[in-house]
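Colleague: Once you've had a glance at the structure underneath, I'll fire off some questions.
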Amino acid sequence: MTFRDKVQVREEDMKNKKTMAIMAIFTPLLLAVYTSALAEDDHPLYAPYKGWPPCAVMTGEGDMAPDGRSVTGVICRSTLFIPDSDKDGVPDDKDQCPNTPPGVEVDEVGCPLDSDNDGVPDYLDQCPDTPMGVEVGEDGCPLDSDGDGVPDYLDQCPDTPMGVEVNSQGCPLSVDSDGDGVPDDIDECPDTAYGVDVDEVGCPKPVVLEDGVHFGFDSAKLSPNAHTILDKVVENMRTYPDLEITIAGHTDSTGNADYNQRLSQLRAEAAMNYLASKGIDPSRMEAIGYGEERPIASNSTKEGRAKNRRVELQTHDED
């Protein structure tokens, strides 16, 4: 090595030692200032690193300052911590479902998985394999409106009465001769006219006109409101030409029972005559007066007696 080379090496060595000496003096001071500026209390985003300073002092092995101390440097975290409030593995700044319950599997945006895309997440879905587009309830299971165990989207007989045994298509196993939805083995009125509303044993439900066909005290005269109600009956009887009805007249308990019997008959005939005047064949109707025998409300109050002065419509299958 030439003399010039030795001089150059010595100068570089002196320069490096001078630099290390300066670092040794100022590094602790800089670290203290920087650490204070990024103190944990002032920067809550560093909270998960509790006990860790934002910056740490690193000692360089084998490097010595002129005064014999080791050369040190500062290393700091380059990124801030972003919290994950629901601990689902997706940080809050990307989490579109920030309140996911603990332990629930989520997708890349932090929302619970919904494998069958029915709107009910898998962890709540009791029917996780529902076909696409099927309407479901809150439990994720397909709706079963008639409660026969066959979901609506598969049910070919969606109005089966409660308790009737059905096949895989949701239709009664037994024959339903009159088509009223009640199979023959439990149908107590197997010849009900088509379209008539029936109860759970297949018998026609009485058509009660208590909301419109009422009568004044000791009167069999139909009111204008009664005409409106009876006009709807006319429409139904035209729609179902095989439907035959019984018109039952009733009274309250005021007065003599025999008189009330005759008055109830007059009320039933008044309704029947009105229907006949609208073109309904009288052979399809029967008027019967029951007097005060069948109240639907208490006769001890004015309101109750007013409700009892009425006519009801029933099919001929009813008594």
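Read in order, the letters of the sequence shown correspond to residues -39 to -1, 1 to 280 in mature numbering (1 follows the signal peptide of the UniProt record, and there is no 0).
Beta carbons are placed, not taken as given, at the ideal position from N, Cα and C, and that holds for glycine.
What three-state label does DSSP hand V194 in the structure shown?
Modeller: Three-state DSSP puts V194 in a helix.
Colleague: Under 6 Å Cβ to Cβ from A248, same chain only, skipping five residues before and after it: list those, please.
Modeller: Counting only Cβ-Cβ distances below 6 Å, and skipping sequence neighbours, we find I208, A229, E230 and M233.
Colleague: Buried or exposed: which applies to G216, given that a residue is buried once 16 or more other Cβ atoms fall within 10 Å of its Cβ?
Modeller: Under this definition G216 is an exposed residue.
Colleague: Give the single residue among M198, D179, Y201 and V174 whose Cα lies nearest to the Cα of H188.
Modeller: Taking only the C-alpha atoms, the option nearest H188 is V174.
Colleague: For T91, which residues from the same chain have a beta carbon less than 8 Å from its beta carbon, with the 5 sequence-adjacent residues on both sides left out?
Modeller: Excluding positions up to five away in sequence, the list reads D77, D79, V97, G101, C102 and P103.
Colleague: Provide the residue span of the beta strand (DSSP E) that contains G210, from first to last.
Modeller: From DSSP, the beta strand (DSSP E) with G210 extends over I206 to G210.
Colleague: First and last residue of the alpha helix (DSSP H) that includes G250?
Modeller: Here G250 belongs to no alpha helix (DSSP H); instead the beta strand (DSSP E) covers M246 to G250.
Colleague: Look up L274 in the DSSP assignment and say whether it is helix, strand or coil.
Modeller: Looking at L274 - three-state DSSP - the assignment turns out to be strand.
Colleague: Got a sec, what are the start and stop residues for the alpha helix (DSSP H) N234 sits in?
Modeller: Here the alpha helix (DSSP H) through N234 covers A218 to S238.
Colleague: Using only the alpha-carbon positions, how far apart do D107 and K193 sit?
Modeller: Rounded to the nearest angstrom, the two C-alpha atoms are 28 Å apart.
Colleague: Check whether the Cβ atoms of P151 and S135 sit closer than 8 Å, and answer yes or no.
Modeller: Taking 8 Å as the Cβ cut-off, P151 and S135 do not qualify as a contacting pair.
Colleague: Take every Cβ of the region 157 to 164, pair it with every Cβ of the region 175 to 183, and state whether three or more of those distances are shorter than 8 Å.
Modeller: The region 157 to 164, when compared against the region 175 to 183, does not touch it at the 8 Å Cβ threshold.
Colleague: Helix, strand or coil: which one does DSSP assign to T262?
Modeller: DSSP places T262 in coil when its eight states are reduced to three.
Colleague: Assuming D141 contacts G124 under a Cβ cut-off of 8 Å, what Cβ separation, rounded to an integer in Å, is found between them?
Modeller: 15 Å between Cβ atoms; not a contact.
Colleague: Excluding sequence positions up to five away, which residues of its chain have a Cβ less than 7 Å from the Cβ of A267?
Modeller: Here the set comprises H175.
Colleague: Looking at C-alpha atoms only, which residue of G131, V272 and E126 is the closest neighbour of D145?
Modeller: The shortest C-alpha separation from D145 is found at E126.
Colleague: Taking the alpha carbon of T200 as the reference point, which residue from N221, G240 and N186 has its own alpha carbon closest?
Modeller: Closest by alpha carbon: G240.
Colleague: Counting only beta-carbon atoms, is C88 nearer than 8 Å to chain B?
Modeller: Any reference to chain B falls outside this structure, which holds one protein chain only.
Colleague: Compute the Euclidean distance between the alpha carbons of R223 and N269, then round it to the nearest angstrom.
Modeller: For R223 and N269, the distance between alpha carbons rounds to 15 Å.
Colleague: Helix or strand or just coil, what does DSSP make of P133?
Modeller: Strand at P133.
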